[in-house]
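Written out below as structure tokens is the structure these notes cover.
There are 2 protein chains.
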Amino acid sequence: MPNSQDLKEAGLKTTLPRLRILAVLENGNQRHFTAEDVYKSLLEAGEDIAFATVYRVLTQFENAGLVLRHNFEGGRSVFELDDGEHHDHMVCVKCNNVTEFYDAEIEVRQKAAAEKHNFELQDHSLYLYGLCGNCTK
Amino acid sequence: MPNSQDLKEAGLKTTLPRLRILAVLENGNQRHFTAEDVYKSLLEAGEDIAFATVYRVLTQFENAGLVLRHNFEGGRSVFELDDGEHHDHMVCVKCNNVTEFYDAEIEVRQKAAAEKHNFELQDHSLYLYGLCGNCTK
DNA sequence: GTATATGCAAAACTTTTGCATCCTT
DNA sequence: AAGGATGCAAAAGTTTTGCATATAC
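Residue numbers (the numbering used here), protein chains in the order written: chain A, 1 to 137; chain B, 1001 to 1137.
Shown next, in the form of structure tokens:
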């Protein structure tokens, strides 16, 4: 779990906005946030942090490797704390709920596909879209 | 390969802009286009079609099932003719070249992962990011 | 004290839309 | 002739940036 130490190691000063944003990402009841989600959480917690700062900080966190940015359908970025354990995502198109999953075989086949095409794999994103358990009831 | 017949079947009138945009998607030396790519191709071909029309038509084609829209990293949509044969994509982060690939086992495991989580799969996107063969030389 | 970070407002970008006019059937 | 499509310009939505002020070290 990232903390102020991680900020320093990333060359980022330990400022109040950064700590507050980190707290939202760590302690929220969700793991996946749009920038607006983060901003609203801060407002609700009584924190007065500019929207521009939220974006700046999230981008800095992303560059520092603390946060992952996803480009799901819908045109808005979704941010998530990088816990170091890679996983993929199922996104409910109705309620926007995000479920994480992992399949070792899929990872292996991706690497194999990349090698086969002489492609130097750096990263990947696998998003499943559909209806989550709650929304099919 | 879609044609004016497909337009009619989709409830879309056979208009010059639609035919021209279809022609770009079919006959370009690439298969993957941003809206701007399409617009520029039209300009180069001497066609005077509004940018807004390009977006409108691409969206209509998407809804009609003629075209797929991808959300790669970078924040701009990428469009591709839907040839009916599902495939995934490797995107070169240096030259933006897009390579298609398909792995039946990955498809199977995705379905299995969805079922395991009681998730009704509708669609998915798998993008590999890295350096293509040309860019690692 | 110095360098870096933040707030605010404005800009940049992509994509969509309102409306008058034009085209297809 | 009638309904749908296009062009233009303006709007909408997300994300970034310039600059003066404030903060961390």
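No residue lacks a Cβ here, since even glycine has one placed at the ideal position from N, Cα and C. It should be emphasised that the depicted structure is a prediction, and the values quoted were computed from it without experimental measurement.
Across the region 29–40 of chain A, no CB contact with chain B closer than 9 Å is found for any residue. Inter-segment contact for the region 1054–1067 of chain B and the region 67–75 of chain A is absent: fewer than three beta-carbon pairs are separated by less than 8 Å. By the beta-carbon neighbour count (other beta carbons within 10 angstroms, threshold 16), residue 33 of chain A is buried. In the displayed model, residue 1130 of chain B falls within a strand according to three-state DSSP. The region 52–94 of chain A contains no complete alpha helix (DSSP H) run of 4 or more residues. Taking C-beta atoms as the reference points, residue 1088 of chain B and residue 1129 of chain B fail to come closer than 9 Å. Residue state for residue 122 of chain A is assigned as strand, using DSSP reduced to three classes. Within 10 angstroms of the beta-carbon of residue 1038 of chain B lie 16 or more other beta-carbons, which makes it buried. Residues of chain A whose Cβ lies closer than 7 Å to the Cβ of residue 1127 of chain B are, in chain order, 124, 125. By the criterion of at least three beta-carbon pairs nearer than 8 Å, the region 1013–1029 of chain B is not in contact with the region 102–120 of chain A.
Counting C-beta pairs with one atom in each stretch, the region 1034–1054 of chain B and the region 1005–1020 of chain B have three or more that are closer than 8 Å, which means they touch. Under the three-state reduction of DSSP, residue 1099 of chain B is assigned to strand. Here residue 34 of chain A is bridged, per DSSP, to A:78.
In this model, residue 121 of chain A and residue 132 of chain A are separated by some 30 Å (Cα to Cα).
Following the DSSP letters along the chain, one finds residue 1021 of chain B inside the alpha helix (DSSP H) bounded by residues 1016–1027.
With a cutoff of 9 Å on beta-carbon distance, residue 125 of chain A and residue 1077 of chain B are scored as not near each other. Listed along chain B are 1117, 1119, each with a C-beta nearer than 9 Å to that of residue 99 of chain A. Assignment of residue 1045 of chain B by DSSP, reduced to helix, strand and coil, places it in the coil class. Within 8 Å of the CB of residue 1093 of chain B, the CB atoms of chain A belong to 122, in sequence order along the chain.
A:91 is the residue among A:81, A:31, A:79, A:91 whose C-alpha sits nearest the C-alpha of residue 135 of chain A.
With respect to chain B, the C-beta atom of residue 72 of chain A has a partner C-beta closer than 9 Å.
Spatial neighbours of residue 1013 of chain B in its own chain (CB-CB distance under 8 Å, excluding positions within 5 residues in sequence) are listed in chain order as 1007. Residue-level contact check: residue 110 of chain A touches chain B, since one or more beta carbons of chain B fall below 9 Å from its beta carbon.
Judged by DSSP in its simplified three-state form, residue 1137 of chain B adopts coil rather than helix or strand. Assigned with DSSP and collapsed to three states, residue 1111 of chain B falls in helix.
Using a Cβ distance threshold of 9 Å, residue 1093 of chain B and residue 1080 of chain B do not count as a contacting pair. Among the CB atoms of chain B, one or more fall inside 9 Å of the CB of residue 105 of chain A. Sixteen is the threshold: since fewer than 16 other Cβ atoms of the shown chains lie within 10 Å of the Cβ of residue 108 of chain A, the residue is exposed. Counting of Cβ neighbours within 10 angstroms places residue 1043 of chain B among the exposed residues, the total staying below 16. Taking the Cα positions, residue 1035 of chain B is about 44 Å away from residue 5 of chain A.
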